[in-house]
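Same order as they appear, the protein sequences are chains H and Z.
Our numbering applies: residue 745 is where the first sequence begins, and numbers increase by one.
Our numbering applies: residue 390 is where the second sequence begins, and numbers increase by one.
Virtual Cβ for every residue (Gly too), placed ideally from N, Cα, C.
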Amino acid sequence: MCASSKWMLVALMALAICPAVQAADVGLPDVVEFNRDIRPILSDNCFFCHGPDKNKRKADLRLDTAEGLSGKPGEPGAVVPGKPADSELFRRITSTDPEQKMPPAESGKSLTPRDIALLKKWIEQDAKFEGHWAFLPIKRPTKSRDSVFQSATQIDSFIRESLANQKLVSSPAADRITLIRRLSFDLIGLPPSPDEVATFVNDSSSNAYEKLVDRLLKSPHYGERQAMWWLDLVRYADTVGYHGDQDMSVSPFRQYVIDSFNANKRFDQFTVEQLAGDLLPNGTRDQKIASGYNRLGMMSAEGGVQDKEYLAKYIAERVRNASGTWLGITLGCAECHDHKFDPLTTRDFYRFEAFFADIQERGLYSGANADGNWGPFVKVPNAEQEAALAKIDQQIVETKKILDTTTPELAAAQATWEKSQIVWTLLKPDSITSTEGVTLTAKEDSSILASGKNPATDTYSLVVKNPPANITAFRLEVLPDDSLPKKGPGRAGNGNFVLSEFTVKQVIGDTIDEAVPLQNATATYEQTGFADANPYKKWAIAAAIDGDAKGKTWGWAVMEKVGQPHIAVFETAKDVAGGEGSTLVISMLQNLDNPQHTIGRFRLSIATSPRPIRADQAPPPNIAALLAIAADQRNDSQKNELAAHFRSIAPTLDAFRKQLADQEKSRRDLDASIPSTLITASVQPRMVRVLKRGNWMDDSGEEVTPGFPAILSQPLESPTRLNRVDLAKWIVSNDNPLTARVFVNRVWKLLFGAGLSRKLDDLGAQGEWPSHPLLLDHLAASFIESGWDVKQLIKSIVMSQTYRQSSFVSRELREADPYNRWLARQGRFRLDAELVRDNALSISGLLVTKLGGKSAKPYQPPGYFAYLNFPTREWQNDSGENLYRRGLYTHWQRQYLHPSLLAFDAPNREECTADRARSNTPLQSLVLLNDPSYVEAARAFAELILRNGGSAPRDRLNFAFRRAVSRDMKPAEAEVLERLLQTHLDEYKLDANAANELLTVGAKPTPTDLDKSELAAWTSVARTILNLHETITRN
Amino acid sequence: MLPTSVARRAFLKTTGVSLGSMALSSLLTGDGLAAEPSGRQVPKWAGVLNPPHFAPKAKRVIWLYMAGGMTHIDTFDNKPKLAELHGQPMPESITKGQQIAQLQGQKLNCFAPQHPFKQWGQSGQSLAEIWPHLGEKCADDMCIVRSLSTDAINHDPAHTFMNTGTMTPGRPAMGSWLLYGLGAEAESLPGFVVMVSTGKFGQKQPIAARQWHSGFLPGQFQGVEFRGTGDPVLYVGNPKGVTLKRQRDVVDAVQSLNGIANESLDDPEIATRVSQYELAFRMQSSVPELMDVKNEPQHIFDLYGTKGGDGSFASNCLLARRLAERGTRFIQLYHRDWDHHGAVKDHSAGTAKEVDQGIAALITDLKQRDMLKDTIIVFGSEFGRTPMAQGNGRDHHLAGFTMWFAGGGFKPGFHYGATDEFGYHAVENRVSVHDVHATLLYLLGIDHSRFSVKFQGLDSRLTGVEGARVVKELLA
């Protein structure tokens, strides 16, 4: 069916206009604007079937393009400009025929009378189409380059203009106490001290406010405050998120973000470093750390994970994150199908994905739960640690030098030592048998190799005729061999073996046929793993001579050290006569119930030296070989090797060896204390193809190379493959329409409580038409022109009168503008999760303001991690100052985020979070009332009040109020608290135990010089103040 | 003391801001405010679907979550043919191109059902003999579905899919959806409660709190974990040295000062804060009261086979009944013990024993209180286990497995759907995870296709974008 014929049929249908249209015609704008008024209606109700997704498109009709709406030459569109009655779109939305009516009933969508009236008026006004606002170039609505002040003035004029249209007026400026609290929370996230409040309130200079702004922008805590919301976007966390949710080390990345904001790094530079810091020429360590951005996504070490599936998960998440963090679009929705609302295709998604195809990673991080290897990383020592490392490295060199130097004394000692060495004689068996028929072959070096049949259990028997006389020990060497699984020495799949019993029998003539008692079995290594059921608690060599050859659960084994030679030595209890005419029968029983744990290659020797004879005395094979050469026959290299070996065991050097071990341990400890951080390493890009319906198992899709979404860029011909640097530069190019708008909108939210477009995570068609589109563009354009200067952007906003308004809202104003869209007042909202606690710690004087470092572990209820595994773990509260660090340093456990952060809506950072919810729940009340962090803060606060708040209760209360909410107390408030104080003072006087208990919550020592009942009663007062709504509110 | 109107406006304000006009309008019509003895108002969330789309059959859900991936073949889905083929290779036609977990690249041999099956009850339901309590007491209540399949083959994403309808983290769990949609019945207990027990047989696979997270819905809809040790709810216990009376004094002082502040501000957010403190304080009594089972009669202890208070699955079953009585909307009991990669015979018998009596007791107990009719019992795992051997165990399996339901409008003594003769693929009357969600919502009065929240531009649903089917055949 040709495209135009689709209208023929429906044109015959009767036209019925809903009477409601007339009634809804009031209050419509004089000029209907497509983007403000029409697009949201079409997007929400029509685009699902008549939008960008070609696979879902019905009737080959698009309502998201000019052509689709108004037609093109020779093909009518859905609307006829100026003529609603002739417009198919209008007929359909007003039809009473259920077959005709749009949207159809099964879509669950319906238009309001106002929607219909708007569409009608829009068609009457010639149905002008506009591209989606956020995808159009940012046009500066104002003329010249702005200074901060001009920009602030400009902000106010945009706001006033819209207020006038709404017949609203600005609120008066807030009082200075409110202003300094507001600025402090917004810019540094900490309350002002009473002194800071007093200084500002009493500053009569004309630029007092600006001085305050500048001071806060220079504070190191500014970077911490801004980092909080940036870390939400880039999903910073301290654990991997999937399955076992093991720790990963990335705290230097957090430090990088804080430092970048503090240094006011250009936002474009900040962007490039995170997306592609590893690819920059002559990249600095900081840029490598920044590239860790690409590695902050979730990872899995779950056994049974398929690499390919998880590689697909990881890389798709990067598309969601980068497009959400910088572009504010939901490109992630195009993973399985073309986007339903925005002109983004599945191909766009996978081309974007291909930018990240060079990142070195694994799908299954097998073993990382144990070894912590989550891919490429760098160590990040600070200057102090770097110096300490250099120092200890020098010490190690010096000690090693001593250990490497031969002296005459050592040479003499070596000669004595050589004489004392045990001499081993290799046994050459006259026959070798396996009860199960395994092929046992003697090799040139007298070792014996098993091959052929691989039975569940076996016994090897060796017959040696005419052995040496007076045997004092037997030695069994188990040896690796390329023919064995994992190189052996065992024949089990993992290279292991279990020797259940080792026995020796002596036969002399017809008279003697006796077992040779063995003793003091020793081995160079004994397996420790899987030994729970083993009575020796390890796979001990002693088990091989314990007379129990059943060996269901024990024997000698070496699992952790397969692929290497090992030695076992058995002393004879008394000398074995041996000699001519005698015969030894040596049996090796291997009876483990887990099949095929037999020995693959081995060799036997005997010694006649005096006991004791131990396995660990046996020199390594290369040294044994040197000892076998007469001293005067050795060449220089052999002499040196032997001397070096002797120095490594010489008793006179024990002290130095211990010193070296200590130094090396110190170095390891130091190294462990130095944070490492995951970084991006670039390798040959993996092939990326379009996955149909997002199915990672479907290999039939088109292969793609990196490219930008078509709607947002001109087709780009590049002779070389684009990489992440190109991506980052495109994101922050001056003509990218999204990045600056997205960023300034989020900064606006920080400073007013809501964005100019309130959907912070979606500026696409389903986002919200901004309340002040020109203001948003003004801010975005100024931001770009300023050189992406974040501090200047923030300063220009906070300098505006709009920012400085009171947040008080009258009932009338609330009714006129319940969501404060028109900004006739400032916002009033609860502090973010981290700041709720930072605030309490700051008020109580407990806060440790140190910047950066590894994550901290404040009090957390025991057992909260009970359902984590691989490994199982329990949170260990930190001690000392780490208990009192700011919330952004709290260890961010994705699966079990610290419960008091979680209660206050902190996100678990599994994905990009642009907008935290702000709920108000009973669990929040329980945290503030009962979490030991807050109880301890209250008692510290009480102590501060008693020490520094004067002596009269009323003075003390005012002191407390000034610290907590920066103002004096009202008499009515004082009465409430005085009543509480008196009641609890009386009670705690009678209940000293209770007072004692309360005063020992938390690690802070209880003061001994203060009256405990008084301190406890004041703790009740302090708890009350820390729980106030006002205390946790920024207004 | 707050006049009702203030509290109501307060609640409208907070919830309205987060949830948009849908929530706002529903609260205008819903009446969730009840006078409380203390004189303070505690507004109750009335739900955005008030009234629901259609008359609900059920009011609440108790989800018995067999975490780790219960073997369906040795429990509820008998496969005699598999026994015949024991030790022989699984036909390639069955396994080709299929997703495999730990058995990747290994020989795929048939592994016989490890327990004899038996017909139980009048309905003759087929259950393995390792379910004596369920079989004896509940076979005729059960509605068994043997044709489930899921999209994920590893524990973590499979749990996330089962609970939120998608593998991508960040979406609300079903309990959060229900609380958001239908509101809370409970007066001073959370509406969405999770309890976790750990058994002695399977690998102890982790469970992430993501499984009861409210995702993009506000935090008030998050599941609350009730714990067997320490504070039953985090921070519900008073600090040391603070009696209930002293805590009340502090809360009263906070309330008074907030009230004074609000005289001049008239801020609905403050009024909400006041009511949340009231609710928090009440939880400090109501939660311990709930957990304290010592006044239950002896015959109840005998029925469940527990004295309670030990964090066992049976003990959680008893608590689930107490929560259900008090109006909790969605109760989820995880039992972490079903990951049987080895020794599936002994281990499945062991784990079944850990849960069998508790489940049968819960169903019996609800029935004798006439509560089974409006309580849905859901029993299932994140996936099943392979018909192929992994040593003497079984690997993860997504293409076919079993869930069963009871009460709340499900057809009793009924079974539906089937896997192929190997127990590999769901072949007859296939039911997807989204179908399960859609069916549960239907019984609770909700049309899943009309129950959505706008998130990142999309009308997000528990049942996803591709559509789901209410499995009407399962309904009584």
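{"Asked": "Could you name the residues of the stretch 488-515 of chain Z whose beta carbon sits closer than 9 Å to any beta carbon of chain H, in the order they occur along the chain?", "Found": "Q488, I489, A490, Q491, L492 and Q493"}
{"Asked": "Tell me which residues share the same chain as A472 of chain Z and place their Cβ nearer than 7 Å to its Cβ, disregarding the 5 neighbours each side in the sequence.", "Found": "A501 and P502"}
{"Asked": "Tell me the DSSP secondary structure of P1279 of chain H in three-state form.", "Found": "coil"}
{"Asked": "According to DSSP, is R1630 of chain H helix, strand or coil?", "Found": "coil"}
{"Asked": "Could you please give the first and the last residue of the uninterrupted alpha helix (DSSP H) stretch that includes K1145 of chain H?", "Found": "A1127 to L1147"}
{"Asked": "What residue does the beta strand (DSSP E) around K433 of chain Z start on, and which one ends it?", "Found": "It is not in any beta strand (DSSP E) - K433 of chain Z carries neither H nor E in the DSSP assignment."}
{"Asked": "What residues from chain C crowd round L1088 of chain H, counting only those whose CB sits closer than 8 Å?", "Found": "Any reference to chain C falls outside this structure, whose protein chains are H and Z."}
{"Asked": "Taking the beta carbon of A908 of chain H as the centre, do at least 16 other beta carbons fall within 10 Å, making it buried, or is it exposed?", "Found": "exposed"}
{"Asked": "Between the C-alpha atoms of N1467 of chain H and N1489 of chain H, what's the straight-line distance to the nearest angstrom?", "Found": "28 Å"}
{"Asked": "Starting from E817 of chain Z, trace the beta strand (DSSP E) both ways and give me its first and last residue.", "Found": "A815 to E817"}
{"Asked": "Short check: CB of D784 of chain Z to CB of L492 of chain Z, under 8 Å?", "Found": "yes"}
{"Asked": "Do the stretch 805-820 of chain Z and the stretch 533-546 of chain Z touch if we need at least three Cβ pairs shorter than 8 Å?", "Found": "yes"}
{"Asked": "Given that a residue counts as buried once 16 or more other Cβ atoms are within 10 Å of its Cβ, and exposed if not, what is I1423 of chain H?", "Found": "buried"}
{"Asked": "Among the candidates Z:K800, Z:D824 and Z:H804, whose CA atom is the shortest distance from the CA of A447 of chain Z?", "Found": "Z:K800"}
{"Asked": "Given R599 of chain Z, which residues of its chain have a CB within under 7 Å of its CB, disregarding the five upstream and five downstream residues?", "Found": "T549 and P558"}
{"Asked": "Skipping 5 residues on each side, what residues in its chain have a beta carbon closer than 8 Å to that of S1410 of chain H?", "Found": "I1136"}
{"Asked": "Could you check what DSSP says for S1444 of chain H in three-state terms: helix, strand or coil?", "Found": "coil"}
{"Asked": "Taking all protein chains shown into account, do 16 or more other C-beta atoms lie within 10 angstroms of the C-beta of Q766 of chain H, making it buried, or fewer, making it exposed?", "Found": "Confidence at Q766 of chain H is low in this model, with a pLDDT of 45, below 50, so its placement is unreliable and no value can be given for it."}
{"Asked": "Looking at the secondary structure, which residues open and close the beta strand (DSSP E) in which E1315 of chain H lies?", "Found": "H1310 to V1320"}
{"Asked": "Given this structure, state the Cα-to-Cα distance separating D728 of chain Z from L751 of chain Z, to the nearest angstrom.", "Found": "24 Å"}
{"Asked": "What's the C-alpha gap between Y1780 of chain H and Y1204 of chain H?", "Found": "A question about residue 1780 of chain H goes unanswered here, because the residues of chain H that appear run from 745 up to 1779."}
{"Asked": "Mapping the DSSP letters down to three states, classify H602 of chain Z as helix, strand or coil.", "Found": "coil"}
{"Asked": "Rounding to the nearest angstrom, what Cα-Cα distance links Y986 of chain H and C1656 of chain H in this structure?", "Found": "16 Å"}
{"Asked": "Considering only their Cβ atoms, is the gap separating N789 of chain H from H876 of chain H smaller than 8 Å?", "Found": "no"}
{"Asked": "Since L975 of chain H and L1632 of chain H are thought to touch, with beta carbons under 8 Å apart, how far apart are those beta carbons, to the nearest angstrom?", "Found": "7 Å"}
{"Asked": "Tell me whether L813 of chain H is buried or exposed, calling it buried when 16 or more other Cβ atoms sit within 10 Å of its Cβ.", "Found": "buried"}
{"Asked": "With a CB to CB cut of under 6 Å and the five nearest residues on each side skipped, what residues in its chain are close to T1768 of chain H?", "Found": "none"}
{"Asked": "Going by the CB atoms, is the gap between L1591 of chain H and L1690 of chain H shorter than 8 Å?", "Found": "no"}
{"Asked": "So A861 of chain H contacts chain Z; which residues on that side make the cut at Cβ distance below 8 Å?", "Found": "Those do not exist, as A861 of chain H stays about 19 Å from chain Z at its closest Cβ, beyond 8 Å."}
{"Asked": "Using beta-carbon positions only, say whether I1343 of chain H and A1186 of chain H come within less than 8 Å of one another.", "Found": "no"}
{"Asked": "If you draw a straight line from the alpha carbon of G846 of chain Z to that of S1067 of chain H, how long is it in whole angstroms?", "Found": "14 Å"}
{"Asked": "Under 8 Å, do I903 of chain H and G1508 of chain H count as touching if we go by C-beta distance?", "Found": "no"}
{"Asked": "Are the C-beta atoms of K1714 of chain H and some chain Z residue less than 8 Å apart?", "Found": "yes"}
{"Asked": "What does a CB cutoff of less than 7 Å around K593 of chain Z pick up in its chain, not counting 5 residues either side in sequence?", "Found": "T587 and R725"}
{"Asked": "Between which two residues does the alpha helix (DSSP H) harbouring D582 of chain Z extend?", "Found": "Note that residue 582 of chain Z is Val in the sequence shown, not Asp. Element bounds for V582 of chain Z: not the alpha helix (DSSP H) but the beta strand (DSSP E), F581 to T587."}
{"Asked": "Measure the C-alpha to C-alpha separation of T764 of chain Z and D1413 of chain H and round it to an integer number of angstroms.", "Found": "57 Å"}
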